[in-house]
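So the sequence shown is numbered by this note's numbering: it starts at 98 and just counts up by one. We put the beta carbon where it would ideally sit given N, CA and C, even for glycine. Here the structure is a predicted model, which means the values were calculated and not measured.
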Amino acid sequence: MSNVAKVPSALFYRRIIVCYKHGVCNKIEHRTAISKGEQFVVNKNSPLPLYYQLEEHLKHLIQSEELKPGDALPSERELAESFKISRMTVRQAITNLVNKNVLYREKGRGTFVSHRKIEQSLQGLTSFSEDMKSRGLEPGNKLLHFEISPAREDIQELLSLEEEELVYTMKRIRLANGEPMALETSYIPVRLLPGLNQEILEKSLYHYIESELNLHISHATQSVEAAIVTEADTKHLKVKSGEPVLLIQRDSFLEDGTPFELVRSIYRADKYKFKINLDRL
Ligand code: 16G
Numbered sequence: 098m099s100n101v102a103k104v105p106s107a108l109f110y111r112r113i114i115v116c117y118k119h120g121v122c123n124k125i126e127h128r129t130a131i132s133k134g135e136q137f138v139v140n141k142n143s144p145l146p147l148y149y150q151l152e153e154h155l156k157h158l159i160q161s162e163e164l165k166p167g168d169a170l171p172s173e174r175e176l177a178e179s180f181k182i183s184r185m186t187v188r189q190a191i192t193n194l195v196n197k198n199v200l201y202r203e204k205g206r207g208t209f210v211s212h213r214k215i216e217q218s219l220q221g222l223t224s225f226s227e228d229m230k231s232r233g234l235e236p237g238n239k240l241l242h243f244e245i246s247p248a249r250e251d252i253q254e255l256l257s258l259e260e261e262e263l264v265y266t267m268k269r270i271r272l273a274n275g276e277p278m279a280l281e282t283s284y285i286p287v288r289l290l291p292g293l294n295q296e297i298l299e300k301s302l303y304h305y306i307e308s309e310l311n312l313h314i315s316h317a318t319q320s321v322e323a324a325i326v327t328e329a330d331t332k333h334l335k336v337k338s339g340e341p342v343l344l345i346q347r348d349s350f351l352e353d354g355t356p357f358e359l360v361r362s363i364y365r366a367d368k369y370k371f372k373i374n375l376d377r378l
């Protein structure tokens, strides 16, 4: 007897997904799908633990896009039966992938493939709208707050403002294809962008600065910190309480060295990862 357990191919998952999307899992369709697509991947002779082999197999299916973000996985019982391994082994593999954010569980609904994170380079000074468009996503904004008032002392200092100088304070939810990605609070000296209004902020700030005002955005300093979302922000970002977020502060400058914006953003950590290339010094 072979020690290699049969593991259904991607076809199996596809068929199951179709079943779930229609609300019920049709057993006949399930069996047909298994017998159609079989491959040997779980090797009981291997020194690699079975849960790890299953984890790797699921990861492979996700990387090769045979399993797509949002796709449902069969239940633990179904996976265990098909793979001829214990439910505990299946559970361990799935729990590991949930902990790595490769899969996510929804109470009463099942386990799903996570949506891939947006990988954002930390090199190059780009705008949110540019970043989303370059990924084929539609940028959007929801303006929550817009006011003109004398700058607070800390903002005054960071933006090198005169005492009591006016700043715009605005808060925008940044959306990609209608989904909240980040919550951004910006402070901008009124003196530099006198005509800034809500309509402009519902589109692209950087486009307005460069194309309408012909100012040259030159450089910025940016920091990234980990945090937990505040209760107040959960509804704006559409995340559950206790979820991790990334706090980003950007101080941006025009070509002549004038600071023109101070932005404090809260990015969803389930949606974003920041990447930097390093050269050996
Ligand atoms: C990005 C910038 C923000 C800038 C905005 C302009 C970070 C952390 N922040 O969100 O500083 O104000 O882009 O975007 O990258 P917009 O031109 O689409 O309005």
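- R269 is a Cβ neighbour of N238, given a cutoff of 8 Å.
- Its chain contains H313 and I314 as the residues whose beta carbon lies nearer than 8 Å to that of E307, once the 5 sequence neighbours on both sides are disregarded; these appear in chain order.
- In the structure shown, T318 adopts extended strand secondary structure according to DSSP, grouped into three states.
- Taking a C-beta distance under 8 Å as the contact criterion, Q319 and I345 qualify as a contact pair.
- Judged by DSSP in its simplified three-state form, A248 adopts coil rather than helix or strand.
- Taken from the Cβ of V360, at least one heavy atom of the ligand 16G lies inside 7 Å.
- Rounded to whole angstroms, the Cβ separation of L334 and P247 is 30 Å, and the two are not in contact under 8 Å.
- Contact annotation, L280 with I363: C-beta distance approximately 5 Å; criterion of less than 8 Å satisfied.
- For V187, there is no enclosing beta strand (DSSP E); the enclosing alpha helix (DSSP H) covers residues R184 to N196.
- For the ligand 16G, a non-hydrogen atom lies closer than 7 Å to the CB of R271.
- When distances are taken from the beta-carbon of Y303 to the heavy atoms of the ligand 16G, the shortest one is below 7 Å.
- Three or more Cβ pairs drawn from the region 167-185 and the region 198-212 lie within less than 8 Å of each other, which places the two stretches in contact.
- If you draw a straight line from the Cα of I215 to the Cα of S226, it is about 13 Å long.
- By the criterion of a C-beta distance shorter than 8 Å, H316 is surrounded in its chain by L222, S349 and F350, once the five residues flanking it on both sides are discounted.
- Residues of the same chain with a CB within less than 7 Å of the CB of E352, apart from the 5 flanking positions on each side, are H313 and S315 in chain order.
- Short of 8 Å from the beta carbon of K300, and not among the five residues preceding or following it, lie these beta carbons of its own chain, in chain order: S226 and N238.
- Taking C-beta atoms as the reference points, Q253 and E262 count as a pair closer than 8 Å.
- Of the residues N274, M185 and M267, the one whose Cα lies closest to the Cα of S231 is N274.
- Between K165 and V199, the CB-CB gap reaches or exceeds 8 Å.
- As a beta-bridge residue in DSSP terms, T208 pairs with R202.
- For the 8 Å CB-CB criterion, Y148 and A190 form a contact.
- Here Q150 is buried. Its C-beta has 16 or more other C-beta atoms within 10 Å.
- By alpha-carbon distance to G354, the top candidate from E175, S257 and I159 is S257.
- Selection S183, L255, P144 and R361 evaluated against V321 yields R361 as nearest (Cα-Cα).
- Listed in chain order, the non-local C-beta contacts of L240 below 7 Å within the same chain comprise M267, R269, Q295, L298 and E299, local neighbours out to five positions each way being set aside.
- Set against 7 Å, the gap from the CB of F350 to the closest heavy atom of the ligand 16G is not smaller.
- For the pair L219 and F357, the CB atoms are not nearer than the 8 Å cut-off.
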